[in-house]
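Below is one structure, written out as structure tokens, with a few remarks after it.
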Amino acid sequence: MSRKLLVMVGAGLLLATSVHAPAALAQVKPPSTPDEPGGRWGEAKKKAVDIGSQPARDVGMSKREIPPILEKAFNDPYSLKGLKTCRALASEVTNLNAVLGADYSVGNEYTENRAGKLAEAGGKTIINSIIPFRGLVREVTGAAPADRHMNAVVDAGLARRGFLRGVHLKQGCKTKF
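With UniProt numbering, letter number 127 in the sequence shown gets 127, and the count goes up by one each step, no holes.
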């Protein structure tokens, strides 16, 4: 990819993110396929918004909200309180899927949009260069600890989903997620 094209892509991302920066993402999801609602362009727009709002999060002006179901998972990922039926287990897994994105599926082929990944990396580089001493600023403002907490609650959500799927299977449940 030529340098001129990379600069144009970076500038486009910068423009897109400056227009939509306040609407930061709160959910963690895998990339959508072109035939899903939103498709590649919807996913690209979400990434652009996320990248563009990063400086506001870095200085503490904007924060990502953690979905309550992930906080619940963080506090006790292996609890079965209130989940006595197959339907309740399936409902909890479905709620986790809504926040975390689709679970791993055997046989899915991994594909990647290389041009999209290059544009994303370029956009992140441009945006992240706005704040000097970014790492230190993120620690002082609390953005880095907030990101570490977000990663921890996502990990807990993934653990909880796997645990609940195992319980669902062990109980011989036939309900779908």
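Note that beta-carbon positions come from the ideal geometry of N, C-alpha and C, so glycine has one too.
From a predicted model like this one, the values you see are computed outputs, not experimental measurements.
Sorted by chain position, which residues of the same chain lie with C-beta nearer than 7 Å to residue i's C-beta, five sequence neighbours on each side aside?
i, result
"D103", "N97 and R161"
"K81", "none"
"R165", "V93"
Measuring only the C-alpha atoms, how far is residue i from residue j?
i, j, result
"residue 183", "M150", "Nothing can be reported for residue 183, as the shown portion of the chain is limited to 1 through 177."
"A88", "N128", "43 Å"
"C173", "Y110", "29 Å"
"K170", "A90", "13 Å"
"S105", "G122", "31 Å"
"K72", "N108", "30 Å"
"N113", "V99", "23 Å"
"F133", "D155", "28 Å"
"R116", "G101", "According to the sequence shown, residue 116 is Gly rather than Arg. Rounded to whole angstroms, G116 to G101 spans 20 Å at the Cα level."
Kindly list the residues whose CB is nearer than 6 Å to the CB of residue i, restricted to its own chain and excluding five residues on each side of it in sequence; keep chain order.
i, result
"A23", "Only weak support exists for where A23 lies, its pLDDT of 35 falling under 50; the coordinates are left without a value."
CB residue i to CB residue j, shorter than 8 Å?
i, j, result
"F177", "T85", "no"
"G157", "L70", "yes"
"F74", "V140", "no"
"A159", "P77", "yes"
Within a Cβ cutoff of 8 Å, which residues of the same chain sit near residue i, ignoring the five residues on either side of it in sequence?
i, result
"T175", "C86, R87, L89, A90 and H168"
"G135", "A144"
Exercise for the section: State whether the stretch 138-157 contacts the stretch 60-77, with contact taken as three or more CB pairs (one from each stretch) at a distance under 8 Å. Expected result: Flag = yes, the stretch 138-157 and the stretch 60-77 touch.
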